[in-house]
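Student: My structure is below; once you've seen it, I'll send some questions.
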Amino acid sequence: ADQLAKAWDGDARILRDLGRTMPGNAYFCEPMRRGQLRLFQVAHAYALHDPGVGYCQGLNFVCAVLVQQMPAREAFDCLVQLMDLHRLRDNYRAASPVLAERLFQLDWVLTQQRPKLALHLQSLGIVPSLYTSDWLLTLFSAGFPEAFTWRVWDRMLVRGPDYPIQVAVGMMWFAEKSLRREKSFETALVLLRRLPQTLVQGGRAAEAPALAAAERVGWDPHRLKVALDRFSECLHQHPRSPAAASPS
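Quick note on numbering: the sequence shown equals residues -3 to 244 in our numbering.
Encoded structure:
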């Protein structure tokens, strides 16, 4: 209650995103009522609670998932736990290298697990930041089927913050045949960005194979740590060019 009584200079950004958050969900359709009101309350309270993060796009969808399941106060408490105990906070912090590290990790795992697909995407000029940043920042809640999102979250809470990387690679594995048929940057990128809608249209028949593909993804922690250390060194030396580090 104390947090809600205080103004925050970024409230206009939160308000601007309310109508863009899950627009097809009836719970969020009424301006500043029901879902939109709770969403604003949680995002506003968190911005005041953690000035180092404040508010950025992506958090609105994370808050939206929470307020559909519980009252605003409990949703706020859960958001704090997700950000702190599950180490998601640095994904949203300005100038943090963590999102870049996660995108590198995704590229590295894809190269190890599905090398032909990774090579094909590289030949088209497609890098993970073009299609997976939104997946990771919204934790698979923007455009994905609600049931799929909840399953991803259930497993992430048990397995830890690296699980979304498995899901992202699993999505690529799920769509590999279609992706390898694409011959241009534009058509491949359109296919990738439509993957959430593909799951919506396919229902359980599409969701189950996508999650099953995620379960097949694995990696050698030692080799990944070596690769991430090399990436971090490169990022330190060339802060504006994270792509300079190769995942190979």
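Ideal Cβ placement from N, Cα and C applies to all residues, glycine included. Quantities reported herein were computed from a predicted structural model and do not represent experimental measurements.
1) What is the residue span of the alpha helix (DSSP H) that S174 lies within?
2) Using the Cα positions of L133 and R176, report the straight-line distance between them to the nearest angstrom.
3) Classify M18 as helix, strand or coil using the three-state DSSP reduction.
4) Tell me whether V163 counts as near the ligand GTP, meaning its Cβ is closer than 7 Å to at least one heavy atom of that ligand.
5) Within 8 Å, do at least three Cβ pairs link the region 11 to 25 to the region 77 to 96?
6) Alpha carbon to alpha carbon, how far is Y23 from A114?
7) Output needed for R147: all residues of its chain with C-beta closer than 7 Å, excluding positions within five of it in sequence on either side, in chain order.
8) With a floor of 4 residues, list each alpha helix (DSSP H) that falls wholly inside the region 83 to 131, ordered by position along the chain.
9) Within 10 Å of its beta-carbon, does V154 have 16 or more other beta-carbons around it, so buried, or fewer, so exposed?
10) Excluding sequence positions up to five away, which residues of its chain have a Cβ less than 8 Å from the Cβ of L14?
11) Name the residue from R12, R30, A39 whose alpha carbon lies nearest to the alpha carbon of K2.
12) Let me make sure I understand the geometry here. Which of Y51, T145, T183, A209 has the alpha-carbon closest to that of Q162?
13) Reducing DSSP to helix, strand and coil, say where A241 ends up.
14) Could you tell me how far apart the beta carbons of V49 and R89 are, in whole angstroms, since I believe they sit closer than 8 Å?
15) My understanding is that L191 touches A171, with C-beta atoms under 8 Å, so please give their C-beta distance in whole angstroms.
16) How many angstroms separate the CA atom of R110 from the CA atom of W131?
17) So P157 and R226 are in contact, right, with Cβ under 8 Å, and what is the actual spacing, rounded?
18) Please state the DSSP three-state secondary structure of G283.
19) Just mark A184 as buried or exposed, buried being the case when its beta carbon has 16 or more other beta carbons within 10 Å.
20) Leaving out the 5 sequence neighbours to the left and right, which residues in its chain are closer than 6 Å to E77 when beta-carbon positions are compared?
21) Give the C-beta separation of L75 and Y42 to the nearest angstrom, bearing in mind that I take them to be a contact with Cβ-Cβ under 8 Å.
22) Determine the DSSP secondary structure at K221, reduced to helix, strand or coil.
23) Which value, in whole angstroms, describes the spacing of the CA atoms of L117 and M66?
24) Locate the alpha helix (DSSP H) running through G31, then write down its first and last residues.
Tutor: Looking at the coordinates:
1) Per DSSP, the unbroken alpha helix (DSSP H) holding S174 starts and ends at 172 to 177.
2) About 26 Å.
3) Of the three classes helix, strand and coil, the one that applies to M18 here is coil, per DSSP.
4) The ligand GTP is not part of this structure, which contains no ligands at all.
5) Because the criterion of three Cβ pairs below 8 Å is not met, the region 77 to 96 and the region 11 to 25 do not touch.
6) Spanning the two alpha carbons is a distance of roughly 39 Å.
7) Result list for R147: L207, in chain order.
8) Counting whole runs of 4 or more residues, the region 83 to 131 contains the alpha helix (DSSP H) stretches 94 to 109, 111 to 120.
9) Counting every other CB atom within 10 Å of its CB across the protein chains shown gives V154 a total below 16, marking it as exposed.
10) Counting only Cβ-Cβ distances below 8 Å, and skipping sequence neighbours, we find F24, P27, M28, Q32, L35, F36, N56.
11) Of the listed residues, the one whose Cα sits closest to K2 is A39.
12) For the residues Y51, T145, T183, A209, the minimum Cα distance to Q162 belongs to A209.
13) Only weak support is given to the placement of A241: the predicted model assigns it a pLDDT of 45, under 50, and the value that follows is read from those uncertain coordinates. In the structure shown, A241 sits in coil (DSSP, three-state: anything other than H, G, I, E or B).
14) Contact holds; Cβ gap of about 5 Å.
15) Beta-carbon to beta-carbon, L191 and A171 are separated by about 6 Å, close enough to satisfy the 8 Å threshold.
16) R110 and W131 have their alpha carbons spaced roughly 19 Å apart.
17) Actually they are not in contact, since the Cβ atoms of P157 and R226 sit about 21 Å apart, beyond 8 Å.
18) As displayed, the chain neither begins before -3 nor continues past 244, which places residue 283 out of reach and without an answer.
19) A184 comes out buried.
20) Note on identity: in this sequence residue 77 is Gln, with Glu being the wrong assignment. The beta carbon of Q77 sits closer than 6 Å to none of the beta carbons in its chain outside the five residues before and after it.
21) Yes, L75 and Y42 are in contact; Cβ-Cβ is about 6 Å, under 8 Å.
22) The answer is helix: DSSP assigns K221 an H, G or I state.
23) C-alpha separation (whole angstroms): 41 Å.
24) Counting along the chain, G31 sits inside the alpha helix (DSSP H) bounded by residues 30 to 45.
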